[in-house]
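Student: Structure incoming, see below.
Number of protein chains: 2
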Amino acid sequence: MAAPVILVLDAAPSPRLGRLTGQARIVYTDERSLAERLPEADVLLVWDFTSDAVRAAWPDDGPRPRWVHTASAGVDRLLCPGLAASHGTVVTNARGVFELPLAEYVAGLVLAFAKDLPLTLELQRQRLWRHRETRQLAGSRAVVVGAGPIGREIMRLLHGLGVQVALVGRTARRTIHGPEDLDRLAAGADWVICAAPLTESTRAMFDARFFGLLQPYARFINVGRGPVVVEDDLAEALRRRWIAGAALDVYQEEPLSPDSPLWTTPGLLVSPHMSGDTAGWRDRLGEQFVSMYEQWASGLTLPNVVDIQRGYVPSPDIPL
Amino acid sequence: MAAPVILVLDAAPSPRLGRLTGQARIVYTDERSLAERLPEADVLLVWDFTSDAVRAAWPDDGPRPRWVHTASAGVDRLLCPGLAASHGTVVTNARGVFELPLAEYVAGLVLAFAKDLPLTLELQRQRLWRHRETRQLAGSRAVVVGAGPIGREIMRLLHGLGVQVALVGRTARRTIHGPEDLDRLAAGADWVICAAPLTESTRAMFDARFFGLLQPYARFINVGRGPVVVEDDLAEALRRRWIAGAALDVYQEEPLSPDSPLWTTPGLLVSPHMSGDTAGWRDRLGEQFVSMYEQWASGLTLPNVVDIQRGYVPSPDIPL
């Protein structure tokens, strides 16, 4: 029997796949050749997770990969009706790789805001000694939107810093709040943190109406996906001082254009979609895929299977 | 019997002392009139903790305050041979007020460095989208120099973030390392954090020899007292890239002069001695003094008593 074909959507060789030598045939493709090569592939590895080429290239019928893995947490750039209708194909994501880095990044942003670090750096540039009082983080209140493993890890780290955290998921269960509680919780929060996947129910959920609910001392952080935020509404809320500050790591369009008004919106901290990427992350993504491939090739059940209707990997309903 | 006289070294009224109305007579003084007024005072409250006027003004004999309280954690600006020889006088500090704010500030600095936040802010000013890989904080190693309540609180918060922390005190005891372990621990550390008091044994302890021991990826943070660091040596270590970065909140001279080369030393984050000062800190200092005054006036033993020979309040030898 011929070795299975792994088609890798990426221009360059991906790390850590060498361990599969002899077990599989690895074929690299770019976006242009993707449609042509998909029918011959057993497995599609979406290594270039910024691409949405799979949507257009996915074959409506005929032979197609039985397994699609994306080297990312979010699957929004991948899912499409054709893939949803391909009942013989399982889709998996990189759950496990990004949780801790993202949670540390969020903790860093929250502390940087509480301790007024951006202004300290600006005053240092101006050689100005200006003592200010900062905020105590312990005892403050956070709402984390997104109750998957990333949101839960954010909650764990913030708990360790003494923050009172409420987790809001798609449905209320045990200690997780449902969307019906979000407005009330957000209205009393010091920190609103989005770690939600992009789905039809989260798209544009953070808009002028929402920002209008928040306290003037509140700060909003998005490490989920850009389109869950109406960027113009956030910028306007900051300009009108409806809220005290915000940090975005993800955007409607990435990379952010040099002309974007977001770069200079007052109180807004702009970072280039790097919150989950700690040194060695690509190695870890490669190792994760190899380990999952070995399970798949042995006929074992794959972990991290995406619920294509919901648009994310459902989390077990475990006590937090 | 006349009400005791509390002499307050500060130009302006201090908050929260109103509760002592009828219990004590509160007299405000500035540095110039301090010597003249000290003999008539029962209690000296050093509210302006940046002043070292007590040293020159303390009477060598005759009547003098039986209790001196400073609204700070460090007592280095206060202690002098005359005070040490005044066996009838007890000296106390503001232990309890600054621990959590300082520990949060240090956690914020550590995360800001791990997540490369200063460069992110600089790139935002230039409207540059430049993705970088950051460092994972969990699993990294910190040495905290200073095993008092501030060092212990820093250890607690960093533990919660998954950092391996070694605490170095004046003498080895239980889980606290003695000074003889410092070089070895620092040589393997990602973070070296100074939360030590200024005493004759800590003055200038962080010098070229010490910085030469550190790893090129190490970062040094000082929230103790400025003179424990040889500033020129630190600046040189940063310029030579012996270490990856540093943050100072305290200095040999405060405020830092606009001409100081520290403002522009590469990799150095300069903040204006604000790490312990969260909103309401002056109120908390006032409330603490009032509460301690009530104990003193009732004849109860005062907490937070400074060991004048050692130069700080010794911590109980409790398991950590």
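So the protein lines, in turn, are chains A and B. According to full-length UniProt numbering, the first sequence is numbered sequentially starting from 1. According to full-length UniProt numbering, the second sequence is numbered sequentially starting from 1. Even glycine gets a Cβ: it sits at the ideal position worked out from N, Cα and C. Quick caveat, the model's predicted, so the values are computed rather than measured.
#1: Using CA atoms only, rank isn't needed, just tell me which of A/R66, A/R55, A/D116 is closest to A/I6.
#2: Quick one: measure Cβ to Cβ for A/A246 and A/F220, integer angstroms, because I've assumed they're closer than 8 Å.
#3: Closer than 9 Å, Cβ to Cβ, to anything on chain A: give me those residues from the region 127–140 of chain B, in chain order.
#4: How about the region 240–260 of chain B and the region 213–229 of chain B: do they share at least three Cβ pairs that are nearer than 8 Å?
#5: Determine whether the Cβ of B/V165 lies closer than 9 Å to any Cβ atom of chain A.
#6: Using DSSP with H/G/I as helix, E/B as strand and the rest coil, what is B/V228?
#7: In this structure, how does DSSP classify B/V313 when only helix, strand and coil are distinguished?
#8: Go through the region 257–307 of chain A residue by residue and report every complete run of the beta strand (DSSP E) that reaches 3 residues or more, in order.
#9: Provide the residue(s) that pair with B/V27 in DSSP beta bridges, ordered along the chain.
#10: Using DSSP with H/G/I as helix, E/B as strand and the rest coil, what is A/F49?
#11: Could you check whether the region 160–175 of chain B touches the region 132–147 of chain B, counting it as contact only if at least three pairs of C-beta atoms, one from each stretch, sit closer than 8 Å?
#12: Does DSSP put B/G151 in a helix, a strand or coil?
#13: My output table needs one value for B/V223: the three-state DSSP class, helix, strand or coil.
#14: To the nearest angstrom, how far is it from the Cα of B/I26 to the Cα of B/R77?
#15: Beta carbons nearer than 7 Å to chain A: which residues of the region 144–178 of chain B have them?
#16: Compute the beta-carbon to beta-carbon distance between B/L198 and B/P227, rounded to the nearest angstrom, for a pair I have assumed lies under 8 Å.
#17: Counting Cβ pairs, one atom from each stretch, are 3 or more of them under 8 Å apart for the region 89–103 of chain B and the region 227–239 of chain A?
#18: Quick one, which of B/R16, B/Q23, B/G18 has its alpha-carbon nearest B/Q295's?
#19: Give the residues from the region 221–249 of chain B that approach chain A closer than 7 Å (Cβ to any Cβ), ordered along the chain.
#20: Closest to B/V144 by CA distance: which of B/D181, B/T120, B/R130, B/G82 is it?
#21: Give the secondary structure of A/R173 by DSSP, where H, G and I count as helix, E and B as strand, and everything else as coil.
#22: I want to see whether chain B comes within less than 9 Å of A/S97, judged by CB atoms only; does it?
#23: Mapping DSSP to helix, strand and coil, what is A/L248?
#24: Output yes if chain B places a C-beta closer than 9 Å to the C-beta of A/S275; else output no.
#25: For B/P266, would you say it is in contact with chain A, using Cβ-to-Cβ distances shorter than 9 Å as the test?
#26: Would DSSP call B/T199 helix, strand or coil?
#27: Using beta-carbon positions only, say whether A/L17 and A/V290 come within less than 9 Å of one another.
#28: Is it the case that the Cβ atoms of B/R282 and B/P13 are separated by a distance below 9 Å?
#29: Within 9 Å of any Cβ in chain B, is that where the Cβ of A/L256 sits?
#30: From A/G148 to B/V168, what does the alpha carbon distance come to, in whole angstroms?
#31: Run the CB neighbour count on B/Q126, radius 10 Å, all protein chains shown included, and call it buried at 16 or more, exposed below.
#32: Taking 9 Å as the threshold (C-beta atoms), are B/A279 and A/Q136 in contact?
#33: Quick one: measure Cβ to Cβ for B/S275 and B/V229, integer angstroms, because I've assumed they're closer than 8 Å.
#34: Tell me which same chain residues have a C-beta within less than 7 Å of the C-beta of B/H159, skipping the five on either side of it?
#35: Tell me the DSSP secondary structure of B/F206 in three-state form.
#36: Return the CA-CA distance between A/P272 and B/E133, expressed in angstroms with no decimal places.
Tutor: So, from the data block:
#1: A/R66
#2: 4 Å
#3: R127, L128, W129, R130, H131, R132, E133, T134, R135, Q136, L137, A138
#4: yes
#5: no
#6: helix
#7: coil
#8: 268–270
#9: B/L7
#10: coil
#11: yes
#12: helix
#13: coil
#14: 23 Å
#15: L157, G160, L161
#16: 6 Å
#17: no
#18: B/Q23
#19: none
#20: B/D181
#21: strand
#22: According to the sequence provided, residue 97 of chain A is Val. The question's Ser does not apply to it. So, not an interface residue.
#23: strand
#24: yes
#25: no
#26: coil
#27: yes
#28: no
#29: yes
#30: 39 Å
#31: exposed
#32: yes
#33: Contact flag wrong, Cβ pair sits at about 15 Å.
#34: V165
#35: strand
#36: 11 Å
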